[in-house]
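Those letters in the sequence shown? Residues 1 to 402, by the UniProt record's numbering.
See below for the structure under consideration.
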Amino acid sequence: MGPGVYGDDDYGYGQEGYVNEVATTDGGDMTLDMITDVDENEFDEDLQEAFEELRHTFMRKLIHYRRLLEQSQASSASQLHALQAELRLLRVQVDSERKTMRDLEIRAGRDREALFTERRQRSQMQLDITSGGGVFDIAALRGDGRGSFDEAEVKRVVRSLRLSDRMRLIHLILDSCLPGDISQMIRLLEKYAASTLDIVAMLPQELGAKILSFLTIHELLEVECVSKAWQAVVHHPSIWRQHCLELTWSDPTPLKWPHDANEWEPLYKALHHRERNFSLGLAQSVRFLRGHTNFCTTLILKGNRLISGSYDETIRVWDVAAGKETHCLKAKAISCLDFLPDEEVLVAGFHDVGRVHVYSTVTWTQLQTLQGHLYGIRSVAISKKYVISAGADKAIVCWCVF
């Protein structure tokens, strides 16, 4: 150490938080310089207050935005429920109108049958009264006395007689004829025997179709061979439309009417094929719906919509008529499903997780998660108010979800 230079330990140099003094000499003079060390880790109070104010401002804005998001979600949920309620009302209205139309068609068919029966009974009653002898006009058979007759009146009078009376009148006329008239009468009778009067062929085709609509299918196939005119009447669309409606009046889904009237007969053949297969326990048709990659554990068929669940952790929705997949929902391994078309709600139970998920079939999103079982779900059922589940933990749980 040179002269006039102090050591580090003389004034505590290098210790944090202390004032260090250094003495130097420049010739004969000595000067003192004061150096103050500041700790770099010491907090600045003003900067700390600024950070706290910024944090409080950020938290207020975050809470405000979160409240706005919750209000928006609540509004969206209420609008979704309102739309589902309107959809439910429209479905009820459409079903009511379809049921009313079907009842009107059935009632119209019964009224037509009752009217036809009443007319037939009235005609038979008039025939019985006329053939009883009270309205028989013998003057029609006498003519005008000069060999001319009113042929229409004679036919009316003869046809109004009972069969026994007509036979007695014919015998009287034959007994009154001369021997030379017999051969001519035989030829005339043979001519009438060879000819036929086809009443159905003489009527308009629509009227003939209404008459033949009272026959069974087996009888229609038999009378089809009578003539070409009868064959055309048998294949009239109105006959097959009536038989299609009679065959499907008890179906849960109303019959879809074809666009072309000539398609009623092929439609009846398909329906007859269906009924025959049902009676024999055969399949109407076989169609493969491919999409699952593991075992299918449950199927729900509602109308034209088929919903399937599988161990491949998916729920798939199919259009049965088109044979195509319309939606696919990702989930756990599915063990059971149930679907409520009126509310457009689907519930699914999982095989290895004790939870039930509730889905909307309008937006195809999850609405709720119901937890209450310790092990997997084995069966679920849904009504307009409740969801009931049975689990492998030997418990049955009921939820009120609406």
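C-beta: ideal position from N, C-alpha, C; glycine also.
Quick one: residues in its chain with C-beta nearer than 6 angstroms to the C-beta of Ile-300, no 5 flanking neighbours on either side, listed in chain order?
Locating residue 300 in the sequence shown gives position 300, where the first residue counts as 1. Hits under 6 angstroms: Ile-307, Leu-337, Phe-339.
One question on the structure: do residue 405 and Arg-316 come within less than 8 angstroms of each other, judged by their Cβ atoms?
Look at the range of the chain in this structure, 1 to 402, and you will see that residue 405 is not part of it.
Which same chain residues, not among the five before or five after Val-387, have their C-beta less than 6 angstroms away from its C-beta?
By one-based count along the sequence shown, residue 387 stands at place 387. Val-347, Trp-399, Val-401.
Does the region 207-214 come close enough to the region 227-237 to have 3 or more Cβ pairs within less than 8 angstroms?
yes
Could you tell me the distance, in whole angstroms, from the CA atom of Glu-52 to the CA atom of Arg-66?
As a first step, residue 52 is located in the sequence shown; it is residue number 52 there, counting from the start. As a first step, residue 66 is located in the sequence shown; it is residue number 66 there, counting from the start. If you take the alpha carbons of Glu-52 and Arg-66, they lie about 21 angstroms apart.
Exposed or buried, which one is Phe-278 when buried takes at least 16 other CB atoms within 10 Å?
As a working mapping, residue 278 is identified with position 278 in the sequence shown. Its Cβ having fewer than 16 others within 10 Å, Phe-278 is exposed.
Report the option in Ser-389, Val-223, Glu-190, Ile-396 whose CA atom is closest to the CA atom of Val-200.
As a first step, residue 200 is located in the sequence shown; it is residue number 200 there, counting from the start. Minimum Cα distance to Val-200 is reached at Val-223.
What do you reckon, are the CB atoms on Gly-376 and Ala-392 nearer than 8 angstroms?
Here residue 376 refers to the residue found at position 376 when the sequence shown is read from its first residue. Here residue 392 refers to the residue found at position 392 when the sequence shown is read from its first residue. For Gly-376 and Ala-392, yes; Cβs fall inside 8 angstroms.
Taking the Cβ atom as the reference point for each residue, do Lys-384 and Asp-342 lie within a distance shorter than 8 angstroms?
As a position in the sequence shown, residue 384 is number 384, starting the count at 1. As a position in the sequence shown, residue 342 is number 342, starting the count at 1. In this structure, Asp-342 lies closer than 8 angstroms to Lys-384 by Cβ.
Are the Cβ atoms of Trp-264 and Trp-240 separated by less than 8 angstroms?
Numbered from its first residue, the sequence shown carries residue 264 at position 264. Numbered from its first residue, the sequence shown carries residue 240 at position 240. In this structure, Trp-240 lies closer than 8 angstroms to Trp-264 by Cβ.
With a threshold of 8 angstroms on Cβ separation, who are the neighbours of Gln-84 within its own chain once the five nearest residues in sequence on each side are excluded?
Numbered from 1 along the sequence shown, position 84 holds the residue referred to as residue 84. Excluding sequence neighbours, Gln-84 sits near Glu-343, Glu-344, Ser-360, Val-362.
How about Leu-306: is its Cβ closer than 7 angstroms to a heavy atom in the ligand FMN?
As presented, the structure is devoid of all ligands, the ligand FMN included, so that no description of it is given.
Suppose you measure from the CA of His-64 to the CA of Glu-86; what does that come to, to the nearest Å?
Counted from its first residue, the sequence shown places residue 64 at position 64. Counted from its first residue, the sequence shown places residue 86 at position 86. Cα-Cα distance, rounded: 33 angstroms.
Taking the C-alpha atoms as reference points, what is the distance between Ala-152 and Thr-117?
For the purposes of this step, residue 152 is taken as residue 152 along the sequence shown, with counting starting at 1. For the purposes of this step, residue 117 is taken as residue 117 along the sequence shown, with counting starting at 1. Cα-Cα distance, rounded: 27 angstroms.
If you draw a straight line from the C-alpha of Tyr-311 to the C-alpha of Val-94, how long is it?
For the purposes of this step, residue 311 is identified with residue 311 of the sequence shown, where counting begins at 1. For the purposes of this step, residue 94 is identified with residue 94 of the sequence shown, where counting begins at 1. Distance between the alpha carbons of Tyr-311 and Val-94 is about 37 angstroms.
Could you compute how far the alpha carbon of Ala-108 sits from the alpha carbon of Ala-82?
Within the sequence shown, the letter at position 108 stands for residue 108. Within the sequence shown, the letter at position 82 stands for residue 82. Near 39 angstroms, if we compare the C-alpha coordinates of Ala-82 and Ala-108.
Provide the residue span of the alpha helix (DSSP H) that contains residue 414, from first to last.
Nothing can be reported for residue 414: it is not among the residues displayed for the chain, which extend from 1 to 402.
Beta carbon of Arg-102 nearer than 8 angstroms to that of Trp-249:
In the sequence shown, residue 102 corresponds to position 102, counting from 1. In the sequence shown, residue 249 corresponds to position 249, counting from 1. Yes, the Cβ-Cβ distance between Arg-102 and Trp-249 is below 8 angstroms.
Just reading off the alpha helix (DSSP H) that Phe-350 is part of, what are its end residues?
Translated into positions along the sequence shown, residue 350 becomes position 350. Premise fails: Phe-350 lies in the beta strand (DSSP E), 345-350, not in any alpha helix (DSSP H).
Between the alpha carbons of Thr-270 and Gly-349, how many angstroms are there, rounded?
Residue 270 sits at position 270 when you count from the first residue of the sequence shown. Residue 349 sits at position 349 when you count from the first residue of the sequence shown. Thr is not the amino acid found at residue 270; the sequence shown has Ala there. Looking at the two C-alpha atoms, the distance is approximately 38 angstroms.
Give the straight-line distance between the Cα atoms of Ile-382 and Pro-266, rounded to the nearest whole angstrom.
Residue numbering aside, residue 382 sits at position 382 when the sequence shown is read from its first letter. Residue numbering aside, residue 266 sits at position 266 when the sequence shown is read from its first letter. Using only the alpha carbons, I get a separation of about 39 angstroms.
Ala-193 versus Met-185 - alpha carbon distance
For the purposes of this step, residue 193 is taken as the residue at position 193 of the sequence shown. For the purposes of this step, residue 185 is taken as the residue at position 185 of the sequence shown. For Ala-193 and Met-185, the distance between alpha carbons rounds to 12 angstroms.
Output yes or no for whether 8 angstroms exceeds the beta carbon distance between Pro-254 and Arg-98.
Taking the sequence shown and counting its residues from 1, one reaches residue 254 at position 254. Taking the sequence shown and counting its residues from 1, one reaches residue 98 at position 98. Cβ distance < 8 angstroms, so Pro-254 and Arg-98 count as in contact.
Do Val-380 and Val-356 have their C-beta atoms within less than 8 angstroms of each other?
Mapped onto the sequence shown, residue 380 falls at position 380. Mapped onto the sequence shown, residue 356 falls at position 356. Going by C-beta atoms, Val-380 is nearer than 8 angstroms to Val-356.
Bridge partner(s) assigned by DSSP for Cys-400
Translated into positions along the sequence shown, residue 400 becomes position 400. Per DSSP, Tyr-386.
Would you decide whether Gly-309 is buried or exposed? Buried here means 16 or more other CB atoms lie within 10 Å of its CB.
Indexing the sequence shown from 1 puts residue 309 at position 309. By the 10 Å Cβ count, Gly-309 comes out buried.
One or two residues paired with Thr-293 in a DSSP bridge:
Locating residue 293 in the sequence shown gives position 293, counting from the first residue. According to DSSP, Thr-293 bridges with nothing at all.
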